[in-house]
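Per UniProt numbering, numbering of the sequence shown is gapless, rising by one per residue and ending at 143.
Even glycine gets a Cβ: it sits at the ideal position worked out from N, Cα and C.
Nothing here was measured: the structure is a model prediction, and the numbers come from that model.
Notes follow once the structure below has been shown.
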Amino acid sequence: MFLGTYTPKLDDKGRLTLPAKFREELAGGLVVSMGQDHSLAVFPKEEFEARTRRAAEISRTNPRARAFIRNLAASAVEQRPDGHGRITLSPAHREYAGLTKECVVIGAVESLEIWDAESWNEYQKQTEEMFSSAADPDLSGLI
1 MFLGTYTPKL DDKGRLTLPA KFREELAGGL VVSMGQDHSL AVFPKEEFEA
51 RTRRAAEISR TNPRARAFIR NLAASAVEQR PDGHGRITLS PAHREYAGLT
101 KECVVIGAVE SLEIWDAESW NEYQKQTEEM FSSAADPDLS GLI
């Protein structure tokens with residue numbers, strides 16, 4: 001399970017050091033893909049495979065489903081962290097997520113998300129009240 005917030009820096013070669021807490025779980029391989037809200041998603045390889053199988057079962061006649069599957073698969077890159085726990089983020093991934101040197105890695109239960117620090121702070125400001133009030137009836141029983 002991936003939990004917590006971490007603030008690694010992106011180096012000049014586009015490498016990001018994963019939090020030590022998660023390296024063992026990701027040592028067998030991982031997949032980096034475009035995520036929601038212009039973040040990057042990092043999945044253990046097995047979790048990504050399970051999700052893409054479920055996504056592929058969605059009707060191909062649905063244009064939104066086709067677009068989702070295409071973007072997910074086209075943006076996916078398999079990797080293994082190096083001996084220092086680093087992964088290399090492609091220029092396309094860095095551009096999509098607007099990554100600069102200051103990054104935030106958050107645990108998202110079954111995956112990690114990589115955000116540009118400024119974008120993450122802005123996202124938190126925009127969604128904090130919604131979380132605090134749990135105004136959405138579909139979410140009110142979660143906490």
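For the structure I just gave you, are there three or more beta carbon pairs, one from the region 76-85 and one from the region 30-45, closer than 8 Å? yes
In terms of DSSP beta bridges, what is residue 33 paired with? 41
Range covered by the beta strand (DSSP E) that runs through residue 113: 112-116
Would residue 87 be called buried (16 or more neighbouring beta carbons within 10 Å of its own) or exposed? buried
On the DSSP bridge assignment, give the partners of residue 79 in chain order. 30
Cα-Cα separation between residue 18 and residue 127, rounded to whole angstroms: 25 Å
Spell out the partners DSSP gives residue 101 in its beta bridges. For residue 101, which the question treats as bridged, DSSP gives no partner whatsoever.
I think residue 10 touches residue 125, with their Cβ atoms under 8 Å apart; what is that distance to the nearest whole Å? Not confirmed; about 22 Å, so no contact.
Would you list the one or two residues that DSSP bridges to residue 106? 5 and 113
Considering Cα atoms alone, identify which of 99, 111 and 95 is closest to residue 1. 111
DSSP beta-bridge partners for residue 10? 16
Within the continuous beta strand (DSSP E) that includes residue 86, where are the two ends? 86-88
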